[in-house]
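Student: Note that UniProt numbering has the sequence shown beginning at 1, numbered continuously upward.
Would you mind keeping the following structure in view while I ask a few things?
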Amino acid sequence: MPKNSKLSKEPYTFKCEIFSFAMLLWELGAQKFPYKDKEMKEIISHVTSKNRENFKDFNPSNNGLYHESIAKGFIRIIEGGWAHESNQRPTINNIYQELDRLVETHSPRKRPSNSNSTIITPEDDEDNLIALETIIPLEEGILAHRNGNREVAWKCFELHATLGDPIVIYWKAYYYLKGYNGKADPNKAVKCFKQAADANVPEAQYYYANALEKAKKPGFLFLEYFTKAADNDNVLAQHELGRIYYYGLNGVEKNEEKGIQYLKLAAVKNHQAAINDLKKINPNLIISTENEKKTTN
């Protein structure tokens with residue numbers, strides 16, 4: 001989707017949540033509310049003009065709360081999350097690993113045995129007894145799924161889903177749908193598909209539309225989600241929309257021209273069912289589709 005200077009036109013992605021998470025870290029570190037006296041329009045103007053909050057309250061000499069290197073670590077994480085271009089922001093996994101490193105570096109239990117500092121007892125260091133579970137990178141979870149290691153994949157998806165990543169929520173929904181996590185749960189699948197679909201995940205939009213279509217809910221909400229998925233280049237949705245419009249399925253007004261357009265979009269991507277549908281409608285459509293392929297290549 002092309003970028004637009006207007007904030008309302010920017011697509012919502014998980015990187016938007018990274019900005020919010022960085023703001024939360026700043027709020028915790030500075031011990032104050034950001035933008036306290038600003039109206040929403042002022043906040044939007046402030047942020048889109050690349051302005052950010054300052055870090056004067058992170059200075060150990062000002063508050064005495066932080067070791068200098070901890071403050072620097074926090075600032076590094078927050079500034080990364082505040083990057084103006086969303087594709088330059090770190091992943092949530094990167095942020096958690098960085099926070100984990102700060103804990104490891106400054107945990108009293110990691111001090112050398114010859115340190116002159118006061119000995120820390122378990123009672124004094126209770127917080128450090130909590131083991132941090134290793135976060136499997138999402139890419140490894142997806143690879144585990146493709147290799148058939150669904151138990152590892154599911155653990156990865158469960159953990160990342162708690163961090164709110166829409167892509168992972170889609171994967172979690174898919175596992176609920178197929179029962180790959182042990183037992184199929186269609187209701188949970190639909191709920192997660194909707195959550196990911198509303199965060200603009202094309203695959204989730206397709207599956208949620210499919211669920212609405214099969215449930216025969218009144219109205220045409222299923223058509224809306226199929227269209228979103230198709231516009232986001234999901235080939236399954238393009239094929240389904242082509243059939244819906246060409247044949248006038250599920251109460252949708254028949255529109256052969258529109259149906260053929262969607263079928264051709266899917267056929268260009270070598271979707272065999274779409275190719276077969278076009279052959280049945282008119283074999284000459286396959287020739288025109290082949291010409292479109294050559295034009296785009």
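Glycine residues also receive a C-beta, built at the ideal position from the N, C-alpha and C atoms.
For residue 278, which residues in the same chain have their Cβ closer than 6 Å to its Cβ, ignoring the five residues on either side in sequence?
Tutor: Correct list, in chain order: 263, 267, 285 and 286.
Student: With a 10 Å radius around its C-beta and 16 neighbouring C-beta atoms as the bar for buried, classify residue 84 as buried or exposed.
Tutor: With fewer than 16 Cβ atoms within 10 Å of its Cβ, residue 84 is classed as exposed.
Student: Curious, which full-length alpha helix (DSSP H) runs of at least 4 residues does the region 236 to 269 contain?
Tutor: Taking only runs of at least 4 residues, the alpha helix (DSSP H) segments lying wholly in the region 236 to 269 are 256 to 268.
Student: Sorted by chain position, which residues of the same chain lie with C-beta nearer than 7 Å to residue 55's C-beta, five sequence neighbours on each side aside?
Tutor: Here the set comprises 75.
Student: Measuring CB to CB, does residue 206 end up less than 8 Å from residue 187?
Tutor: Their beta carbons are not under 8 Å apart, which means residue 206 does not touch residue 187 by this criterion.
Student: Quick one: Cα of residue 246 to Cα of residue 86, how far?
Tutor: Rounded to the nearest angstrom, the two C-alpha atoms are 39 Å apart.
Student: Check whether the Cβ of residue 240 lies closer than 7 Å to any heavy atom of the ligand ATP, and answer yes or no.
Tutor: The ligand ATP is not part of this structure, which contains no ligands at all.
Student: So which of 51, 163, 230 and 183 has the shortest CA-CA distance to residue 197?
Tutor: Here the closest residue by C-alpha is 230.
Student: What residue range is occupied by the uninterrupted alpha helix (DSSP H) comprising residue 74?
Tutor: Note, residue 74: alpha helix (DSSP H), 68 to 81.
Student: Does residue 184 pass the burial test, meaning 16 or more other C-beta atoms within 10 Å, or should it be called exposed?
Tutor: Residue 184 should be labelled exposed.
Student: Whole angstroms is fine: what's the gap from residue 281's alpha carbon to residue 239's?
Tutor: Rounded to whole angstroms, residue 281 to residue 239 spans 14 Å at the Cα level.
Student: Keeping to the same chain, check which residues put their C-beta closer than 8 Å to that of residue 167; ignore five residues upstream and five downstream.
Tutor: Excluding residues within five positions, the ones whose Cβ falls inside 8 Å are 14, 138, 196 and 201.
Student: Quick one: grab the DSSP three-state call for residue 90.
Tutor: Residue 90 falls in the coil class under three-state DSSP.
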